[in-house]
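First up is the structure itself, then whatever we jot down about it.
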Amino acid sequence: QNYPNPFNPTTKISFSLKHSGLSTLKVYDLLGREIASLVNEYLTAGNYTIEWSGSNLSSGVYFYQIRSGDFVATKKMILQK
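The working numbering puts the last residue of the sequence shown at 371; the count rises by one with no breaks.
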């Protein structure tokens, strides 16, 4: 989950991985266009927090998606300027 939500202009995205593996964390707009790739690397099992800034983006709804092995999670976040 990200905190704070709504955010302006930065938020922290926290997640846990039960298994090690190639992991990605990407941010998308409402149309499904990739806005940012925050993680694209091998991560070991554990807890992670990634800070992201939307300072160059318009207010609105964005989604972040975490993928690692068979695990996929997509969450909504709101940038409110």
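Ideal placement from N, C-alpha and C gives every residue a C-beta, glycine not left out.
The structure displayed is predicted, hence computed values, not measured ones.
Quiz item: Any idea if L321 is buried or exposed, counting beta-carbon neighbours within 10 angstroms, 16 or more meaning buried?
Solution: exposed
Practice problem: May I have a chain-ordered list of the beta strand (DSSP E) segments no shorter than 3 residues that lie completely inside the region 337 to 362? | Solution: 350 to 358
Quiz item: Which residue from K365, L333, I340 puts its Cα closest to that of G359?
Solution: L333
Exercise. Give the straight-line distance between the Cα atoms of K366 and V329, rounded to the nearest whole angstrom.
Key: Put simply, the backbone Cα of K366 is about 18 Å away from that of V329.
Exercise. Measure the CB-CB distance between K302 and E331 and report whether it falls below 8 Å.
Key: no
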